[in-house]
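Q: Numbering (this note's numbering), first residue to last: 3 to 786.
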């Protein structure tokens, strides 16, 4: 027994020593990887002196004599403060995450490798102009110098037992391609959903479940789309009761809007933007102000403030004194599924308009840590093979992200210098990036909207379903000419807004297509708030950005209340009536009604789509899409006997099952007390470092204190755990000192930085913070 005790004691001592050693190593990496804040960096690859003045929140003002030197300086800052984040961005599009993170990301790498973005980035780099390549080299040099000047590698590499690899010019292209993957699907998602619906229930079911419009749509041109009549009945189909879990799932998206100068307090246009993405520690963006003042000049030739994407040398959204601009994900249709017609008797060959061709088989490499293995990727003239359909036919994907000119750098620099709405729109139509809604306003008071990025020019089909392009009667004629891309400038009402929904109708809508638009709840609320007021200052826009009125849930409250009252004899359901009736219309954290109604809506949609579509898809979480809002409202208002979800005896039993599921959730999560089934229990901000999700103890060091946040997936303040506004700003060009800004997660990726998480609490609380950086707290000089 003494021997066992002695052995256990030694094991405890060794374990404690190992823990202490890891703690010492972690502390050394943390303190060694702190960014340089003051002093001089000698031997920097700059043509003239560069000053980096950081405010108390770590937001830099970079003052340089050339834009190239400013790119080097921004790269230096990104390399010092955000290298791990930008490394994961390039790896995510290159299909190289698993080499660093292990098996957990293999599925992501497989999808990315099908598109061969590492290879394509090299092709795109070679196509850029010499000036663009030179700018990327300057930026990469700054990143690598910044990383090299740290005394230790960022702490994440210690925990992952990895090492940072040098930044290369093509890696900036990969960061942009990573945004394609974040904002669009690497699979022809919409066509696959519709094909499944048509197999289950014919064209009528597909048209019902995936409609072009919802009752909440609020396009800026006021257009309305007609809906096909409801099918009379479902065709026979097997009953599958499997469904996705109850959820209030947001779509990656954003809000932006603008009012003309005649409606703003400054006389210049006023622009708001909040880009909704996954939020963590740190957040996706890095704030910066860039000032270029040539040697000997008294005036700056460029003064632009906004957010940058670590890995990229430009301001993504912001204000330059003459224009302010922001983006939302457009959800136009940028990809198509192409049926690859096999040539009989010739395995591996397929039909093309030019005659039979062999499918290209390319060996890519998938690495899981140090274990690398080849994987075969198939390519056609239209794009990579990404799936097979129910008939076993290969599906290729024609996607603008796979084009050799999917990314360009010069337009982003040109946007920084644009001096008017017209100039910004001209830049947008030259841009090569994930397709976004651009809303821009200028100092003269003008406002405008257009699509930034390429728009496919389809012929012979509308893009809604997978088709063969083998005979040449269907396909793309490249992309549409710039002068035909839809534009709205200076609308009569002096107001513009977008929120990931359909923006225009008619021929413009037919050109842009539908890549999975949101249901319009946010857009409608923004429009209504804008037209409820006649004059606006930045704080008025912030009030709209923080709005948690839930238009989407109101209809469901009325439905749920009617159904509960019709079942008042059931005590469990009867207890829900009061909190549902008391719901204020706001997604407030202390509301039981908000959670009850949201749960009811979610289970109704999940059950219906699971039964209509036959289960849960293998490539996504649910068959439901944002437009399910419109489909379910039509069904539940009409309740046609022939369209009852398979497996239910009637619509009443369908609703019975949904209410029973909500009651079960109340029993399990609130001890059967609906008044205690509060929204706050499922509305935590949940802003965490990505590694803290796998290493909970790390979260004590990296993560902010959590708290419940108002809002839901359909409110202007779109908020779900780990998701929300990745930045917020409201600003008039030329009046930046009056503008407001929020950003979660802070500037720095290092927990021992003096400004770690600075600004995060203001984002949570909605406290106004200035758009411009504050007074300099630290000053660093880059010396040639």
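Quick reminder that beta carbons are idealized off the backbone N, C-alpha and C, glycines included.
1) Can you give, in chain order, each stretch of the beta strand (DSSP E) that sits fully within the region 307-376 and has at least 3 residues?
2) Would residue 557 be called buried (16 or more neighbouring beta carbons within 10 Å of its own) or exposed?
3) Count the C-beta pairs between the region 672-683 and the region 579-599 that are closer than 8 Å, then say yes if the count reaches three, no if not.
4) Tell me the rounded alpha-carbon separation between residue 168 and residue 272.
5) Using only the alpha-carbon positions, how far apart do residue 65 and residue 54 sit?
6) When the cut-off is 7 Å and only beta carbons count, does residue 234 lie next to chain C?
7) Report the rounded CA-to-CA distance for residue 561 versus residue 607, giving the unit in angstroms.
8) In whole angstroms, what is the alpha-carbon distance linking residue 485 and residue 500?
9) Where does the unbroken beta strand (DSSP E) through residue 725 begin, and where does it stop?
10) List the residues that DSSP assigns as beta-bridge partners of residue 239.
11) Give the C-beta separation of residue 448 and residue 423 to the nearest angstrom, bearing in mind that I take them to be a contact with Cβ-Cβ under 8 Å.
12) Any idea if residue 257 is buried or exposed, counting beta-carbon neighbours within 10 angstroms, 16 or more meaning buried?
13) Could you tell me the distance, in whole angstroms, from the CA atom of residue 47 to the CA atom of residue 705?
14) Use the C-beta contact count for residue 77: other C-beta atoms within 10 angstroms, 16 or more gives buried, fewer gives exposed.
15) Let me confirm a value: residue 86 is counted as buried when at least 16 other C-beta atoms fall within 10 Å, else exposed. Which label applies?
16) Got a sec, what are the start and stop residues for the alpha helix (DSSP H) residue 414 sits in?
17) Going straight from the alpha carbon of residue 601 to that of residue 645, what length do you get?
18) Across which residues does DSSP place residue 438 in a beta bridge pair?
19) Quick test of your reading: residue 311 and residue 177, contact by CB under 8 Å. State the CB separation rounded to the nearest angstrom.
20) Just curious, the beta strand (DSSP E) that residue 387 is in, first and last residue?
21) If you drop the 5 nearest sequence neighbours on each side, which residues of the same chain put their C-beta closer than 8 Å to that of residue 758?
22) In chain order, what are the residue ranges of uninterrupted beta strand (DSSP E) at least 3 long that sit wholly in the region 639-695?
23) Report the partner residues of residue 304 according to the DSSP bridge assignment.
24) Are the region 115-126 and the region 82-98 in contact at 8 Å, needing three or more beta carbon pairs?
25) Would you list, in sequence order, the uninterrupted alpha helix (DSSP H) runs of no fewer than 4 residues that lie entirely inside the region 116-157?
26) Less than 6 Å between C-beta atoms, sequence neighbours within five positions excluded: which residues of the same chain meet that for residue 465?
27) Pull up the distance between the alpha-carbon of residue 101 and that of residue 108, whole angstroms please.
28) Out of 526, 139, 489 and 380, state which residue places its alpha-carbon closest to the alpha-carbon of residue 219.
29) Should the region 322-332 be called in touch with the region 345-358, which here means at least 3 C-beta pairs below 8 Å?
30) Going by DSSP, what residues sit across from residue 710 in a beta bridge?
31) When the Cα of residue 222 is compared with those of 732, 498 and 781, which residue comes out closest?
32) Hey, out of 268, 615 and 391, whose CA is closest to residue 626's CA?
33) Find out if the Cβ-Cβ distance for the pair residue 50, residue 67 is shorter than 7 Å.
34) Whole angstroms are fine: how far does the CA of residue 195 sit from the CA of residue 213?
35) Name the one or two DSSP bridge partners that residue 38 has.
36) Rounded to whole angstroms, what's the CA-CA distance from residue 162 to residue 104? Just pull it up for me.
A: By the coordinates alone:
1) Runs of the beta strand (DSSP E) inside the region 307-376: 317-321, 325-331, 337-341 and 362-370.
2) Within 10 angstroms of the beta-carbon of residue 557 lie 16 or more other beta-carbons, which makes it buried.
3) Judged by Cβ distances under 8 Å, the region 672-683 makes contact with the region 579-599, as three or more pairs qualify.
4) Each residue's Cα considered, the two are about 41 Å apart.
5) Here the C-alpha atom of residue 65 lies approximately 7 Å from the C-alpha atom of residue 54.
6) Of the chains in the structure shown, none is chain C; there is only one protein chain.
7) Answer to the nearest angstrom: the Cα atoms are 14 Å apart.
8) For residue 485 and residue 500, the distance between alpha carbons rounds to 21 Å.
9) For residue 725, the enclosing beta strand (DSSP E) starts and ends at 725-727.
10) Residue 239 is not bridged to any residue.
11) Taking a contact as a CB-CB distance under 8 Å, the pair residue 448 and residue 423 counts as one, their CB atoms being some 4 Å apart.
12) Counting the other Cβ atoms within 10 Å of the Cβ of residue 257 gives 16 or more, which makes it buried.
13) The C-alpha of residue 47 lies about 36 Å from the C-alpha of residue 705.
14) The residue in question, residue 77, is buried, as its Cβ has 16 or more Cβ neighbours within 10 Å.
15) Residue 86 is buried by the Cβ-count criterion.
16) From DSSP, the alpha helix (DSSP H) with residue 414 extends over 412-419.
17) Approximately 23 Å between the Cα atoms of the pair.
18) DSSP output for residue 438 lists 331 and 454 as bridge partner(s).
19) Taking 8 Å as the upper bound for CB-CB distance, residue 311 and residue 177 are in contact here, some 6 Å apart.
20) From DSSP, the beta strand (DSSP E) with residue 387 extends over 387-390.
21) Answer for residue 758: 748, 750 and 752, listed in chain order.
22) Those beta strand (DSSP E) runs which fall completely within the region 639-695 and span 3+ residues do not exist here.
23) BP columns for residue 304 point to 294.
24) Yes: the two stretches touch, three or more of their Cβ pairs being nearer than 8 Å.
25) Complete alpha helix (DSSP H) runs here, min 4: 119-129 and 132-150.
26) For residue 465, the CB contacts under 6 Å within the same chain, skipping 5 residues up- and downstream, are 335, 338 and 515 in chain order.
27) The straight-line gap from Cα to Cα measures roughly 9 Å.
28) Of 526, 139, 489 and 380, the residue nearest in Cα terms is 526.
29) Under the 8 Å Cβ criterion, the region 322-332 does not count as touching the region 345-358, having fewer than three qualifying pairs.
30) Listed as beta-bridge partners of residue 710 by DSSP are 686.
31) Looking at the Cα atoms, 498 is the closest of the given residues.
32) Nearest option by C-alpha distance: 615.
33) Contact flag set, yes.
34) Residue 195 has its alpha-carbon roughly 12 Å from the corresponding atom of residue 213.
35) In the DSSP output, where bridge partners are listed per residue, residue 38 has none listed.
36) Going from the Cα of residue 162 to the Cα of residue 104 covers about 9 Å.
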